[in-house]
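Visitor: I am attaching a structure below and will ask some questions about it afterwards.
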Amino acid sequence: MKKRIIIILSIIFIIFSVIIIIERDLIFKTSNVLFYLDDKYYNKGVSIEISSLEFEEKIKNKESFALFIHQPVCSKSYEFNKIQSLYQQENNMVFNKILFENMKNTNLYETIKYYPSFAIFKDGKLIDYLDAESNDDILKYKDYDEFSKWFNSYVRSSNEEEKK
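Per the working numbering: the sequence shown = residues 2 to 165.
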């Protein structure tokens with residue numbers, strides 16, 4: 002009788018463990034699903050300079066958007082601007098831009114300490130950003146294909162199939 006109880010408990014434990022693993026994997030997979038920016042960020046290949054107040058409003062309104070953090074006199078900002086601008090024009094998307102100085106007045110400054118940077122927001126929450134001090138992000142600043150691959154790992158471009 003003891004053996005039978007141990008076997009039954011073992012089977013229940015294994016089933017429970019499998020269910021937990023499957024649930025964890027589903028949660029992880031659905032959190033990394035590609036998403037669209039808000040509709041107003043498609044069908045124009047332009048950048049829009051925003052203030053810290055406008056940025057905070059986008060967060061408050063739970064918008065999904067892309068943000069280029071830059072400093073006009075910085076050569077790295079200038080070079081990276083060419084890459085992200087080309088992507089934006091080729092994919093007919095609108096990216097917001099904010100001066101690093103203005104970004105210091107936002108909660109984003111607690112996370113992004115250096116410029117240039119590029120951040121992706123979904124429903125007003127920071128999903129990912131490029132870190133100017135990270136060796137892992139160097140190629141994304143210098144190479145169009147690397148930037149595209151990174152950006153497209155989160156956001157659907159307007160060139161993809163129609164929204165469902």
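Yeah, the Cβ is synthetic: ideal placement off N, Cα and C, and Gly gets one too. This structure is a prediction, so every number in the text was calculated from the model and none was measured.
Taking D129 as part of the beta strand (DSSP E), name the residues at either end of that continuous run.
Guide: Residues K126 to Y130.
Visitor: Looking only at its own chain, which residues have a Cβ that is under 7 Å from the Cβ of F66, when we skip the five neighbours before and after it?
Guide: These residues qualify, in order along the chain: L38, D39, Y42, K59, N97 and F122.
Visitor: Three or more C-beta pairs under 8 Å: does that hold for the segment 133 to 143 against the segment 43 to 50?
Guide: Output reads no: the segment 43 to 50 does not touch the segment 133 to 143.
Visitor: I want to know whether the segment 7 to 24 touches the segment 75 to 94 - three or more CB-CB distances under 8 Å.
Guide: The segment 7 to 24 is not in contact with the segment 75 to 94.
Visitor: Under three-state DSSP, which class holds V74?
Guide: Of the three classes helix, strand and coil, the one that applies to V74 here is coil, per DSSP.
Visitor: Per DSSP, what kind of secondary structure is S65 in: helix, strand or coil?
Guide: S65 falls in the coil class under three-state DSSP.
Visitor: Check whether the Cβ atoms of Y88 and F148 lie closer than 8 Å to each other.
Guide: Result yes, Cβ atoms of Y88 and F148 sit closer than 8 Å.
Visitor: Quick one: what's V156 bridged to in DSSP?
Guide: V156 pairs with F36.
Visitor: Between E64 and D124, what straight-line distance do the alpha-carbon atoms span, to the nearest angstrom?
Guide: Going by the C-alpha atoms only, they are around 5 Å apart.
Visitor: Name the residue from K83, S11 and K61 whose alpha carbon lies nearest to the alpha carbon of T107.
Guide: For T107, the nearest C-alpha among the options comes from K61.
Visitor: Just how far apart, CA to CA, sit Y116 and M104?
Guide: Rounded to the nearest angstrom, the two C-alpha atoms are 10 Å apart.
Visitor: Can you give the Cα-Cα distance for K3 and S11, rounded to whole angstroms?
Guide: Those two C-alpha atoms are separated by around 12 Å.
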